[in-house]
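Chains as they are written, first to last, in my numbering: chain A, 6 to 118; chain B, 164 to 278. A short worksheet on the structure shown next.
Printed below as a string of structure tokens:
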């Protein structure tokens, strides 16, 4: 699976949009971009994933560049409960071998009042 | 709530002992994966089970072993515990089918402390 690079930490004011970048310059054509987050002392939580089109769900939006070498996770109106470590993961999602996720170190997002 | 439950939530063991951690997967899921998360680090993939067989393994020694049962629940066994095995152990379940795996849902983890 391709390696990802994320900033170590970011701050965001409550109510503002949080934009979390991720570089995955070695991504292959059949690899998806997944985002998970982990709130302190809890298990990771799935947020969103995409292949090449932008995606949106009730939690966030995922913007993937046309060359697919980078992406941005957008939390449109960050709340204090969005404070967490956010992991960008690239993997093949059409393999029957299952679901090994390479989490890396992620971005620690702090949402401030 | 993800529907994935792990037990126990906390555990203290002595170096050299053996430990068994348990995971009940979300209803309808057929694949279970285990991860180790040391303090301040991201989760590290240990192995996964699909149809009761190990189906992928990370860089962990053989003293880390597991089982998956017909109801898709799973156990993680660690023999000859070392101090560095102290970590949060996470279980994740997903459904693997013709279209590939769904997203993984994680339990809250078991905090293992080896003294």
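From the three backbone atoms N, C-alpha and C, an ideal C-beta is built for every residue, glycine too.
**OP:** Using a Cβ cut-off of 8 Å, pull out every chain A residue sitting near residue 250 of chain B, in sequence order please.
**Re:** Indexing the second chain from 1 puts residue 250 of chain B at position 87. Using a Cβ-Cβ cut-off of 8 Å, residue 250 of chain B is close to nothing in chain A; its nearest Cβ partner there is about 13 Å away.
Original post:
Under a CB-based cut-off of 9 Å, is residue 170 of chain B close to chain A?
Top reply: Mapped onto the second chain, residue 170 of chain B falls at position 7. Closer than 9 Å: no.
Subject >> Nonlocal neighbours in the same chain, by C-beta distance under 7 Å from residue 63 of chain A, ignoring five residues either side >> reply: The count along the first chain starts at 1 and reaches residue 63 of chain A at position 58. The beta carbon of residue 63 of chain A sits closer than 7 Å to none of the beta carbons in its chain outside the five residues before and after it.
**OP:** With a cut-off of 8 Å on the beta carbons, I'd call residue 40 of chain A and residue 85 of chain A a contact; round off their distance for me.
**Re:** Position 35 of the first chain, counting from 1, holds the residue named residue 40 of chain A. Position 80 of the first chain, counting from 1, holds the residue named residue 85 of chain A. The Cβ separation is near 20 Å, so there is no contact.
Original post:
Once you ignore the five residues that flank residue 48 of chain A on each side, which residues in its own chain have a CB closer than 6 Å to its CB?
Top reply: Position 43 of the first chain, counted from the first residue, corresponds to residue 48 of chain A. Counting only Cβ-Cβ distances below 6 Å, and skipping sequence neighbours, we find nothing.
Original post:
How about residue 113 of chain A and residue 31 of chain A: do their beta carbons lie closer than 9 Å?
Top reply: Along the first chain, one-based indexing puts residue 113 of chain A at 108. Along the first chain, one-based indexing puts residue 31 of chain A at 26. The answer is no: Cβ separation not under 9 Å.
**OP:** Taking residue 54 of chain A as the query, report the chain C residues whose CB atoms sit under 8 Å from its CB, ordered along the chain.
**Re:** Here the protein chains are A and B, and chain C is not one of them.
Original post:
Mind checking residue 72 of chain A: buried by the 16 CB within 10 Å criterion, or exposed?
Top reply: Taking the first chain and counting its residues from 1, the one referred to as residue 72 of chain A is at position 67. Residue 72 of chain A comes out exposed.
Original post:
Helix, strand or coil for residue 202 of chain B per DSSP?
Top reply: By 1-based counting over the second chain, the position of residue 202 of chain B is 39. The answer is coil: DSSP assigns residue 202 of chain B none of H, G, I, E or B.
Subject >> Coil, strand or helix - residue 86 of chain A by DSSP >> reply: As a first step, residue 86 of chain A is located in the first chain; it is residue number 81 there, counting from the start. Residue 86 of chain A: helix per DSSP, three-state reduction.
Original post:
Hey, is residue 49 of chain A's beta-carbon within less than 9 Å of any beta-carbon in chain B?
Top reply: Start at 1 with the first residue of the first chain, and residue 49 of chain A comes out as number 44. Interface residue, yes.
Subject >> Burial state of residue 99 of chain A, where buried means 16 or more other Cβ atoms lie within 10 Å >> reply: Here residue 99 of chain A is taken as the residue at index 94 of the first chain, counted from 1. Summary for residue 99 of chain A: the model assigns pLDDT 48, below 50, so the residue's position carries little reliability, and this model does not support an answer.
Original post:
Under a Cβ-count criterion, where at least 16 other Cβ atoms within 10 Å of its own Cβ denotes burial, should residue 200 of chain B be classed as buried or exposed?
Top reply: Stepping through the second chain from its first residue, residue 200 of chain B is reached at position 37. It is buried - the Cβ of residue 200 of chain B has at least 16 other Cβ atoms within 10 Å.
Original post:
Okay, do the stretch 172-184 of chain B and the stretch 230-246 of chain B touch, 3+ Cβ pairs below 8 Å being the bar?
Top reply: Two segments are said to touch when three or more pairs of C-beta atoms, one from each, lie closer than 8 Å; by this definition the stretch 172-184 of chain B touches the stretch 230-246 of chain B.
Original post:
What does residue 253 of chain B reach in chain A if we use C-beta pairs closer than 9 Å?
Top reply: Position 90 of the second chain, counting from 1, holds the residue named residue 253 of chain B. Here the neighbours are 48 and 49.
Subject >> Nonlocal neighbours in the same chain, by C-beta distance under 6 Å from residue 274 of chain B, ignoring five residues either side >> reply: Residue mapping note: residue 274 of chain B aligns to position 111 of the second chain, counting from 1. These residues qualify, in order along the chain: 173 and 251.
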